[in-house]
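So, in structure tokens, the structure goes:
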């Protein structure tokens, strides 16, 4: 899987595929089924500023798809790049989680 940093890095076909996948998942969920495609996956969520809506929406989405989300508070990680280089932090987190946002 490639890193998703910006929608600008995606081709038109990739965007269409992503939108189709989201529509398919929405239909499955609406029909009362659960697609546990993220079962066993863990997402680490890091925010510079607290964001209740973003945090809750990602936590609920991960749970709905069978995964788990871990919220790392700013005081847990400090200012990214200050206490330890961002590259080192990412390397350590990648050993334990499947995605970082």
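Residue numbers (my numbering): 1 to 101. All C-beta atoms, glycine included, are put in the ideal place defined by N, C-alpha and C.
Cutoff 6 angstroms; reference residue 97; Cβ partners in own chain excluding five residues on either side: Here residue 97 refers to the residue found at position 97 of the chain shown. Only 42, 44 meet the Cβ criterion.
Answer yes or no: do residue 18 and residue 100 have a C-beta to C-beta separation smaller than 8 angstroms? What you label residue 18 is simply residue 18 of the chain shown in a count that begins at 1. What you label residue 100 is simply residue 100 of the chain shown in a count that begins at 1. Not in contact: residue 18 and residue 100 (Cβ atoms no closer than 8 angstroms).
If we require 4 or more residues per run, which alpha helix (DSSP H) segments fall completely within the stretch 29-58? none
Can you name the start and end residues of the beta strand (DSSP E) that residue 68 belongs to? Taking the chain shown and counting its residues from 1, one reaches residue 68 at position 68. Looking at the DSSP string, the run of the beta strand (DSSP E) that includes residue 68 is 68-72.
For residue 25, which residues in the same chain have their Cβ closer than 7 angstroms to its Cβ, ignoring the five residues on either side in sequence? Taking the first residue of the chain shown as 1, we reach residue 25 at position 25. 35.
CA-to-CA distance, residue 57 to residue 67, given in whole angstroms: As a working mapping, residue 67 is identified with position 67 in the chain shown. As a working mapping, residue 57 is identified with position 57 in the chain shown. Each residue's Cα considered, the two are about 13 angstroms apart.
Would you call the CB atoms of residue 48 and residue 74 closer than 8 angstroms? What you label residue 48 is simply residue 48 of the chain shown in a count that begins at 1. What you label residue 74 is simply residue 74 of the chain shown in a count that begins at 1. Contact flag set, yes.
In angstroms with no decimal places, state the Cα-to-Cα distance between residue 10 and residue 38. Taking the first residue of the chain shown as position 1, residue 10 is located at position 10. Taking the first residue of the chain shown as position 1, residue 38 is located at position 38. Taking the straight line from one Cα to the other gives about 22 angstroms.
Assign residue 90 to buried or exposed, taking buried as 16 or more other Cβ atoms, counted over all protein chains shown, within 10 Å of its Cβ. As a position in the chain shown, residue 90 is number 90, starting the count at 1. Classification for residue 90: exposed.
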